[in-house]
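Residue numbers (this note's numbering): 308 to 492.
This is the structure we're talking about:
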């Protein structure tokens, strides 16, 4: 029986347990990534103005956007090599359901990631800007693992999703705190 069929037959508790294990692996991965990131030679000391920091961030976000291109290529690959090449003909749209879901989630995550990183760059000084490339690298790694995991079995997507979402959520929390603090204090 394939992994996809086994996933459908597992109980809710088994699926939750599997997802929770992937979240634990994500936490370990993020901790190791953070520890290793200290040794990366990222010099951001020249980013002294807000404009410099925004330009730097936009350039890094371009790399994040490549994940959308690769997800689009996934859809194009299926469409170009199957009966789904003609979406109006019908009957074959199920073939592109998985790559379309990967593409849709990647676009959704990219929008959140972009707003978070752009907003974060407005609160950072030049020495703190080294976090921007790290967030982008995590985003790209997360999207890669999400696509691979989802393609093997839907329950395998949690690791990649959480590598993408947890740093974005943490960035949103920090930015929300910073925005509120700037108004209150």
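For every residue, glycine included, the Cβ atom is placed at its ideal position computed from N, Cα and C.
Leaving out five residues on either side along the sequence, give the residues of the same chain with a beta carbon under 6 Å from the beta carbon of residue i.
i, result
"residue 363", "354"
"residue 342", "none"
"residue 443", "367, 370, 371"
Does residue i pass the burial test, meaning 16 or more other C-beta atoms within 10 Å, or should it be called exposed?
i, result
"residue 389", "exposed"
"residue 471", "buried"
"residue 445", "buried"
"residue 490", "exposed"
"residue 378", "buried"
"residue 397", "exposed"
"residue 308", "No answer about residue 308 holds up, because its pLDDT of 44 lies below 50 and its placement is not dependable."
"residue 469", "buried"
What first and last residue would you give for the alpha helix (DSSP H) that runs through residue i?
i, result
"residue 339", "319–344"
"residue 456", "438–459"
"residue 357", "357–388"
Near residue i, what residues of its chain come up, given a Cβ to Cβ distance below 8 Å and the 5 sequence neighbours on each side ignored?
i, result
"residue 375", "410, 413, 414, 417"
"residue 320", "none"
To the nearest angstrom, how far is the alpha carbon of residue i from that of residue j?
i, j, result
"residue 454", "residue 466", "10 Å"
"residue 451", "residue 357", "31 Å"
"residue 434", "residue 360", "11 Å"
"residue 317", "residue 380", "31 Å"
"residue 441", "residue 475", "12 Å"
Going by beta carbon distance, what residues of the same chain come within less than 7 Å of residue i, once the five residues before and after it are set aside?
i, result
"residue 439", "363, 364, 367, 424, 428"
"residue 386", "392, 403"
"residue 335", "none"
Is the CB-CB distance between residue i and residue j below 8 Å?
i, j, result
"residue 473", "residue 349", "no"
"residue 462", "residue 322", "yes"
"residue 371", "residue 447", "yes"
"residue 401", "residue 382", "no"
"residue 395", "residue 458", "no"
"residue 351", "residue 464", "no"
Given 7 Å as the limit, tell me if residue i has its C-beta closer than that to any heavy atom belonging to the ligand HEM.
i, result
"residue 394", "With respect to the ligand HEM, the structure shown offers nothing to examine, as it has no ligands at all."
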